[in-house]
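Colleague:
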Amino acid sequence: MLTLQEIMETIKMVQEENLDIRTITMGISLRDCAGPDSRQTRTKIYDKITRLAGQLVKTGEQIEREYGLPIVNKRISVTPMALVAESSVKGDMVDFARTMDDAAAAVGVNFIGGYSALVHKGFTGADHRLIDSIPEALDVTTRVCSSVNVATTHAGINMDAVYRMGQVIKKTAELTADRDGLGCAKLVVFANVPEDNPFMAGAFHGIGEPECVINVGVSGPGVVKKAVETVKGADFGVLAETIKKTAFKITRMGELVGRTAAERLGVPFGIVDISLAPTPAIGDSVAEILEAMGIEICGTHGTTAALALLNDAVKKGGAMASSYVGGLSGAFIPLSEDAGMIRAAEAGALTLEKLEAMTCVCSVGLDMIAVPGDTPAETIAAIIADEAAIGMINKKTTAVRMIPAVGKKVGDYVEYGGLLGSAPVIPVKPFSPADFVRRGGRIPAPIQGLTN
Amino acid sequence: MLAELKKTESKGNRVIVTVVGPDCVGIIAGVAQVLASNGINILDISQTILQEFLVMVMVADMSGSPVDLSTLKERLAAKGLELGVRIDAQHEDVFKFMHRI
Chain U
1 MLTLQEIMET IKMVQEENLD IRTITMGISL RDCAGPDSRQ TRTKIYDKIT RLAGQLVKTG
61 EQIEREYGLP IVNKRISVTP MALVAESSVK GDMVDFARTM DDAAAAVGVN FIGGYSALVH
121 KGFTGADHRL IDSIPEALDV TTRVCSSVNV ATTHAGINMD AVYRMGQVIK KTAELTADRD
181 GLGCAKLVVF ANVPEDNPFM AGAFHGIGEP ECVINVGVSG PGVVKKAVET VKGADFGVLA
241 ETIKKTAFKI TRMGELVGRT AAERLGVPFG IVDISLAPTP AIGDSVAEIL EAMGIEICGT
301 HGTTAALALL NDAVKKGGAM ASSYVGGLSG AFIPLSEDAG MIRAAEAGAL TLEKLEAMTC
361 VCSVGLDMIA VPGDTPAETI AAIIADEAAI GMINKKTTAV RMIPAVGKKV GDYVEYGGLL
421 GSAPVIPVKP FSPADFVRRG GRIPAPIQGL TN
Chain B
1 MLAELKKTES KGNRVIVTVV GPDCVGIIAG VAQVLASNGI NILDISQTIL QEFLVMVMVA
61 DMSGSPVDLS TLKERLAAKG LELGVRIDAQ HEDVFKFMHR I
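In the order they appear, the protein sequences are chains U and B.
Going by UniProt numbering, 11 is the number at position 11 of the first sequence; the sequence numbering is gapless.
Going by UniProt numbering, 52 is the number at position 52 of the second sequence; the sequence numbering is gapless.
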């Protein structure tokens with residue numbers, strides 16, 4: 001029998017502490033859609049997505065009502081489009097993005113991920129065409145998200161791709177300047193990208209994945225923060241244990257929702273991504289968890305250690321709660337999407353350098369960071385290279401989602417509203433890495449890559 | 001795993017109704033009336049006073065009810081507004097899955 005205390009704990013998590021299921025993402029393989037005729041391929045893509053995901057939103061809403069748990073997003077990820085469009089020799093690559101956008105609109109999801117290319121070791125013809133088309137694709141569509149993997153521990157860092165992505169990010173910001181560079185919020189550059197990540201903008205359906213799958217991303221920074229507040233002054237063992245237990249409970253909810261959704265949609269259940277994903281809502285912030293641990297303001301000395309403890313405890317608790325944990329699984333530290341991070345950046349406590357250090361111990365990387373619009377492509381590329389190096393050497397996923405805010409300077413703001421939030425423009429170093437970035441070629445894989 | 005859980009643990013379509021707020025006359029009667037008029041059978045009631053707040057938890061069976069959980073939640077919330085307390089209902093599985101392995 002459930003105890004009164006347990007019941008009240010669950011109710012409190014949902015009502016007061018913003019516990020929600022952040023996303024149900026349906027992964028769909030489009031490998032069987034590829035063909036020489038671009039128009040036919042796109043028709044097949046549209047038909048397959050609308051057929052498999054037709055009931056996704058309805059099913060999600062039904063589960064939401066039945067369990068009384070908010071499911072914030074219902075989304076779709078597909079096979080990296082560079083692979084699907086590869087054999088369609090004629091036609092514009094952007095048309096594939098339009099098809100994805102149309103299919104997403106038809107089934108009612110707000111984002112579809114997978115306008116992607118994996119180029120960590122080198123480019124194919126289609127990879128080049130896709131990457132070149134990203135700025136236009138993100139400008140003319142509203143729902144499409146794009147990602148490019150430029151490095152792995154095994155292959156090293158494709159510096160040609162890194163430099164190219166610096167230019168692509170600049171161009172995307174310029175084309176979507178009237179929307180504060182919104183296109184850049186839908187574009188992620190990865191190192192060691194996971195194939196089953198349900199979180200946008202980096203979600204795609206990896207080539208080792210089944211035909212169709214349901215992945216779930218849980219959230220709950222508010223719940224963890226409340227739990228941390230209850231052990232104020234206790235030692236680190238108690239702190240880690242408290243976070244572990246809370247992460248366990250949050251993950252159980254994800255597992256319940258994921259399995260129920262998969263069963264009803266008649267597709268296999270994939271993974272629970274146990275990431276703590278913040279929102280701009282007050283009390284739903286990863287930065288505030290760190291502050292509840294005793295850090296005066298996120299970004300000051302000790303922040304990296306606090307984040308490392310948090311990230312590890314979340315993984316340990318989550319791994320016990322679900323047999324299939326995947327994706328990124330850790331703590332997200334997006335600047336614009338986290339009220340506490342925004343406050344810390346405004347106060348000058350949180351800088352790009354500190355964020356970079358924090359990415360060594362968190363699940364993703366430099367996420368949703370606005371920098372001055374006149375930042376050169378080479379500087380953005382160098383920032384990507386730094387992040388990719390951290391990922392490559394430490395055998396972990398890292399990513400960069402950066403917005404060079406056109407016409408804006410340090411202290412100005414980019415505003416998106418909703419889950420994407422708003423971010424203060426923060427400074428980058430004024431010194432040039434151009435000669436380094438322009439060398440071209442590939443940074444060789446580190447010795448860690450030779451584990452066989 | 002979920003199918004297994006449903007088979008062995010869920011009895012009918014049970015919901016947990018919670019009431020939190022300042023104690024006053026007629027709270028149980030009010031909640032019971034909403035449940036009865038929607039064809040929902042109360043299986044168990046437990047309540048406690050935490051500081052000056054009333055915390056009441058009901059286990060109820062919705063299997064004979066013509067309404068769905070979201071409609072019930074709306075009606076309970078409306079009643080809560082009237083009584084000056086917060087009333088909510090959630091499916092039993094949510095609690096079971098979170099706290100029991």
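We put the CB at the ideal spot given by N, CA and C, even for glycine.
Could you tell me which of Lys429(U), Phe436(U) and Met392(U) sits nearest to Leu450(U), measuring between CA atoms?
Modeller: Checking every option, the nearest Cα to that of Leu450(U) belongs to Met392(U).
Colleague: Note down, in chain order, every chain U residue with its Cβ under 9 Å from the Cβ of Leu69(B).
Modeller: Within 9 Å Cβ-Cβ: Arg65, Glu66, Tyr67 and Gly68.
Colleague: Keeping to the same chain, check which residues put their C-beta closer than 6 Å to that of Leu182(U); ignore five residues upstream and five downstream.
Modeller: These residues qualify, in order along the chain: Thr176.
Colleague: For Glu4(B), name the three-state secondary structure that DSSP assigns.
Modeller: Its pLDDT being 44, under 50, Glu4(B) is placed unreliably by the model, and the measurement read from it follows with that caveat. Here Glu4(B) sits in helix by DSSP.
Colleague: Buried or exposed for Gln90(B), going by 16 or more other Cβ atoms inside 10 Å?
Modeller: It counts as buried.
Colleague: At the level of alpha carbons, what is the spacing between Val34(B) and Arg86(B)?
Modeller: Roughly 14 Å between the two C-alpha positions.
Colleague: Quick one: any contact between the segment 185-204 of chain U and the segment 65-79 of chain U, if contact means 3 or more CB pairs under 8 Å?
Modeller: Result yes; three or more Cβ-Cβ pairs closer than 8 Å.
Colleague: Between the alpha carbons of Ala277(U) and Ala331(U), how many angstroms are there, rounded?
Modeller: Rounded to whole angstroms, Ala277(U) to Ala331(U) spans 7 Å at the Cα level.
Colleague: Taking C-alpha atoms, which residue in Lys171(U), Gly283(U) and Lys249(U) lies nearest to Gly222(U)?
Modeller: For the residues Lys171(U), Gly283(U) and Lys249(U), the minimum Cα distance to Gly222(U) belongs to Gly283(U).
Colleague: Measuring straight from C-alpha to C-alpha, what distance separates Phe97(B) and Ile63(U)?
Modeller: Taking the straight line from one Cα to the other gives about 14 Å.
Colleague: Of all the CB atoms in chain B, is at least one closer than 8 Å to the CB of Ile393(U)?
Modeller: By this cut-off, Ile393(U) is not an interface position.
Colleague: Just grab the DSSP bridge partners of Leu307(U) for me.
Modeller: Bridge partners of Leu307(U): none, in fact.
Colleague: From which residue to which residue does the alpha helix (DSSP H) around Ala240(U) run?
Modeller: Start and end: Phe236 to Leu265.
Colleague: Could you give the first and the last residue of the continuous beta strand (DSSP E) run that contains Gly440(U)?
Modeller: That residue, Gly440(U), is in no beta strand (DSSP E); it is neither H nor E in DSSP.
Colleague: Val400(U) and Val325(U) look like a contact to me (Cβ under 8 Å); what is the Cβ gap, rounded to whole Å?
Modeller: Contact doesn't hold; Cβ gap of about 24 Å is too wide.
Colleague: Does Arg252(U) get closer than 8 Å to chain B when you measure Cβ to Cβ?
Modeller: Closer than 8 Å to some Cβ of chain B, the Cβ of Arg252(U) qualifies, so yes.
Colleague: Below 7 Å CB to CB, which residues in the same chain sit around Cys33(U) once its five sequence neighbours on both sides are set aside?
Modeller: Only Thr41, Lys44, Ile45, Lys48 and Val84 meet the Cβ criterion.
Colleague: Short check: CB of Val425(U) to CB of Tyr416(U), under 8 Å?
Modeller: Contact: no.
Colleague: Shorter than 8 Å from the beta carbon of Met341(U) to some beta carbon of chain B?
Modeller: Output row for Met341(U): interface = no.
Colleague: Along chain U, in chain order, which residues have C-beta atoms closer than 9 Å to that of Lys73(B)?
Modeller: Chain U residues near Lys73(B): Arg65 and Gly68.
Colleague: Do you know offhand how far Thr99(U)'s Cα is from Arg31(U)'s?
Modeller: Thr99(U) and Arg31(U): Cα-Cα distance of roughly 15 Å.
Colleague: According to DSSP, simplified to helix, strand and coil, what is Thr172(U)?
Modeller: Three-state result, Thr172(U): helix.
Colleague: Short of 8 Å in beta carbon distance, which residues of its chain neighbour Thr8(B), apart from the five on each side in sequence? Order them along the chain.
Modeller: Note that Thr8(B) has pLDDT 39, beneath the 50 cutoff, so the model's placement of it is unreliable and no number is given.
Colleague: Could you tell me the distance, in whole angstroms, from the CA atom of Asn41(B) to the CA atom of Val19(B)?
Modeller: Their Cα atoms are separated by approximately 17 Å.
Colleague: Taking only beta-carbon atoms, is Ile271(U) less than 8 Å away from chain B?
Modeller: Output row for Ile271(U): interface = no.
Colleague: Quick one: residues in its chain with C-beta nearer than 8 Å to the C-beta of Ile243(U), no 5 flanking neighbours on either side, listed in chain order?
Modeller: Only Val224, Ala227, Val228, Leu309, Leu310, Ala313, Val314 and Gly317 meet the Cβ criterion.
Colleague: Where does Val109(U) sit, in a helix, a strand or coil, going by DSSP?
Modeller: Residue state, collapsed to three classes: coil.
Colleague: Who are the Cβ neighbours of Ile289(U) in its own chain at under 7 Å, not counting the five residues just before and after it?
Modeller: These residues qualify, in order along the chain: Pro221, Val224, Lys225, Val228 and Leu310.
Colleague: Would you mind sorting His120(U) into buried or exposed? The rule is 16 or more other CB atoms within 10 Å of its CB.
Modeller: By the 10 Å Cβ count, His120(U) comes out buried.
Colleague: Count the CB pairs spanning the segment 294-302 of chain U and the segment 330-345 of chain U that are closer than 8 Å, and state whether there are at least three.
Modeller: These segments touch.
Colleague: How long is the line joining the alpha carbons of Ala155(U) and Pro66(B), rounded to whole angstroms?
Modeller: The straight-line gap from Cα to Cα measures roughly 60 Å.
Colleague: At which residues does the beta strand (DSSP E) containing Ala405(U) begin and terminate?
Modeller: That run of the beta strand (DSSP E) goes Thr398 to Ala405.
Colleague: So that I know if they touch, is there some Cβ in chain U lying closer than 8 Å to that of Arg61(B)?
Modeller: Checking the displayed sequence, the identity of residue 61(B) turns out to be Asp instead of Arg. Taking Cβ atoms only, chain U never reaches closer than 8 Å to Asp61(B), which makes this a no.
Colleague: Mind checking whether Leu293(U) and Leu335(U) have CB atoms under 8 Å apart?
Modeller: According to the sequence provided, residue 293(U) is Met. The question's Leu does not apply to it. No; because the gap between Cβ atoms is not below 8 Å, this pair is not in contact.
Colleague: Note down, one range per segment and in chain order, each alpha helix (DSSP H) of at least 4 residues found wholly within the segment 50-119 of chain U.
Modeller: Runs found: 56-67, 81-85 and 94-107.
Colleague: Cβ closer than 7 Å: which chain B residues qualify as neighbours of Thr10(U)?
Modeller: Val94, Phe95 and Met98, listed in chain order.
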